[in-house]
Amino acid sequence: MKKIILVTGGAGFIGSAVVRHLINDTTHTVINLDKLTYAGNLESLQCIDSDNRYHFEQVDICDGESVRTVLEQYQPDIIMHLAAESHVDRSIDGPGEFIQTNVVGTYTLLEQARAYWNDLTNNKRESFRFHHISTDEVYGDLPHPDEMEPGTELPLFTETTPYAPSSPYSASKASSDQLVRAWLRTYKLPALVTNCSNNYGPYHFPEKLIPLVILNALAGKPLPVYGKGNQIRDWLYVEDHARALVLVALEGKIGETYNIGGHNEKQNLEVVQTICSILDEVKPKESLYAEQITYVQDRPGHDMRYAIDASKIERELGWSPQETFESGIRKTIEWYLNNESWWQAVLDGSYQGERLGAGS
Ligand SMILES: NC(=O)c1ccc[n+]([C@@H]2O[C@H](COP(=O)([O-])OP(=O)(O)OC[C@H]3O[C@@H](n4cnc5c(N)ncnc54)[C@H](O)[C@@H]3O)[C@@H](O)[C@H]2O)c1
Numbered sequence: 004m005k006k007i008i009l010v011t012g013g014a015g016f017i018g019s020a021v022v023r024h025l026i027n028d029t030t031h032t033v034i035n036l037d038k039l040t041y042a043g044n045l046e047s048l049q050c051i052d053s054d055n056r057y058h059f060e061q062v063d064i065c066d067g068e069s070v071r072t073v074l075e076q077y078q079p080d081i082i083m084h085l086a087a088e089s090h091v092d093r094s095i096d097g098p099g100e101f102i103q104t105n106v107v108g109t110y111t112l113l114e115q116a117r118a119y120w121n122d123l124t125n126n127k128r129e130s131f132r133f134h135h136i137s138t139d140e141v142y143g144d145l146p147h148p149d150e151m152e153p154g155t156e157l158p159l160f161t162e163t164t165p166y167a168p169s170s171p172y173s174a175s176k177a178s179s180d181q182l183v184r185a186w187l188r189t190y191k192l193p194a195l196v197t198n199c200s201n202n203y204g205p206y207h208f209p210e211k212l213i214p215l216v217i218l219n220a221l222a223g224k225p226l227p228v229y230g231k232g233n234q235i236r237d238w239l240y241v242e243d244h245a246r247a248l249v250l251v252a253l254e255g256k257i258g259e260t261y262n263i264g265g266h267n268e269k270q271n272l273e274v275v276q277t278i279c280s281i282l283d284e285v286k287p288k289e290s291l292y293a294e295q296i297t298y299v300q301d302r303p304g305h306d307m308r309y310a311i312d313a314s315k316i317e318r319e320l321g322w323s324p325q326e327t328f329e330s331g332i333r334k335t336i337e338w339y340l341n342n343e344s345w346w347q348a349v350l351d352g353s354y355q356g357e358r359l360g361a362g363s
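Numbered per our numbering, the sequence shown spans residues 4 to 363.
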């Protein structure tokens, strides 16, 4: 059945992948509600923005009146909530914006969604869903293999791992997750939560590790590795995440949480070295790209290891990632090589690759 899906943060990295997937691969209608902060980019939606199933509204989720107007105008069946401040380093430099958008903004959206849902009539009220999109960073960090006895099984984040956020970003996301669960329990708002590992892929804002390294490598600039570079992340290709999110939004069980991950645990240094060796192959130059690697002061409070147990979504909803890290990183590098106009416009704007969040 055709649904009307309101996506908050649809001009961001993951939100735009969700919107492109919904327009290209389904028959649902999409309303993209986005404030267009520095991270929002309508160029990421150019390939679908003339489709008559796509609508854009420039709205701040903290502005309850405007959110209500959009809900009344479009009458969505599902809200997929991705709008957030999302960069850990920025949250260290300026946590206030993270509290405002991620906590107050989610609260405002929940209240507007609750009022809208309460006024819906039978069928539409019964099938309404609020899907909150979050991160595995709410769980804190896991023991690093270097700290464990050889042969010990490495733990993973499951849906019942207690929350222990480390950064202002992850603390604000943890708060928003808990607000959603409180609105589910207290007001019976039909909500679902997903927590995902690190994403990478096309249209990724170049302040994040993978696009930063690709673009600095091409520009002949240093490739910054925080600390020893031994921090472990579980990488997921963004289009695999978008498919998982739409599946949960449509078929997930109300009240449930689903962890989403790529089974791709890699040390940051290994990620940087992999990018360098693929670039040596596809865009060779006189010296090796790895010679540009530079070790810089670590991020304050840096989590050592994230790794997701995604068996619940695989078992219950039949989702699994289509890309391995090797196939996804190659596609990502090729995308950046072929889409210079997209990233050059971003670099000509407010961010030129400078170090953020080094801490005081
Ligand atoms: N990037 C990751 O690796 C990752 C992993 C797991 C979960 N997540 C979560 O997924 C969601 C999307 O992440 P992303 O990487 O696409 O983020 P992003 O920073 O690329 O995009 C965020 C989007 O939200 C919009 N936005 C910000 N504040 C807003 C406000 N007040 N009102 C309306 N719109 C606003 C921005 O304009 C932007 O388009 C976030 O909630 C994030 O916590 C991200």
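Virtual Cβ for every residue (Gly too), placed ideally from N, Cα, C.
- No heavy atom of ligand 1 is found nearer than 6 Å to the CB of residue 53.
- Relative to the non-hydrogen atoms of ligand 1, the Cβ of residue 223 never comes closer than 6 Å to any of them.
- Within the chosen limit of 6 Å, ligand 1 does not reach the beta carbon of residue 335 with any heavy atom.
- With the rule of 3 Cβ pairs closer than 8 Å, the segment 250 to 268 counts as touching the segment 190 to 200.
- Residues 220, 292, 336 of the same chain have their beta carbon placed closer than 7 Å to that of residue 282, with the five preceding and five following residues left out of the count.
- Here the segment 166 to 181 lies against the segment 139 to 147, with 3 or more beta-carbon pairs under 8 Å apart.
- Only buried fits residue 308, as 16 or more other CB atoms lie within 10 angstroms of its CB.
- Taking the Cβ of residue 201 as the reference point, at least one heavy atom of ligand 1 falls within a distance shorter than 6 Å.
- In this structure residue 269 touches residue 235 by the C-beta definition: roughly 7 Å separates them, less than 8 Å.
- Leaving aside the five residues that flank residue 295 on each side, the residues in its chain whose CB is nearer than 8 Å to its CB run, in chain order, 219, 220, 223, 224, 225, 226, 279.
- Residue 59 and residue 290 have their alpha carbons spaced roughly 45 Å apart.
- A straight line joining the alpha-carbon of residue 23 with that of residue 301 spans about 35 Å.
- Judged by DSSP in its simplified three-state form, residue 34 adopts strand.
- For residue 93, there is no enclosing beta strand (DSSP E); the enclosing alpha helix (DSSP H) covers residues 91 to 96.
- Spatial neighbours of residue 118 in its own chain (CB-CB distance under 8 Å, excluding positions within 5 residues in sequence) are listed in chain order as 71.
- Taking 6 Å as the cut-off, one finds no heavy atom of ligand 1 near enough to the beta carbon of residue 170.
- The alpha-carbon separation between residue 347 and residue 228 amounts to approximately 23 Å.
- Its chain contains 244, 263 as the residues whose beta carbon lies nearer than 6 Å to that of residue 199, once the 5 sequence neighbours on both sides are disregarded; these appear in chain order.
- Under the DSSP assignment, residue 115 falls in the alpha helix (DSSP H) whose first and last residues are 109 to 121.
- The closest CA to that of residue 32, considering only 46, 10, 15, 44, is found on 10.
- For residue 224, there is no enclosing alpha helix (DSSP H), as DSSP gives it neither H nor E.
- Following the DSSP letters along the chain, one finds residue 134 inside the beta strand (DSSP E) bounded by residues 132 to 138.
- DSSP, reduced to helix, strand and coil, places residue 56 outside both helices and strands of the structure shown, so it counts as coil.
- Assignment of residue 126 by DSSP, reduced to helix, strand and coil, places it in the helix class.
- DSSP places residue 195 inside the beta strand (DSSP E), whose first and last residues are 194 to 199.
- By the criterion of a C-beta distance shorter than 6 Å, residue 322 is surrounded in its chain by 247, 250, 316, once the five residues flanking it on both sides are discounted.
- Measuring C-alpha to C-alpha distances from residue 146 to each of 13, 305, 191, 177 identifies 305 as the nearest.
- Ranking 14, 98, 38 by CA distance to the CA of residue 49 puts 14 first.
- In the DSSP assignment, residue 27 falls within the unbroken alpha helix (DSSP H) covering 16 to 28.
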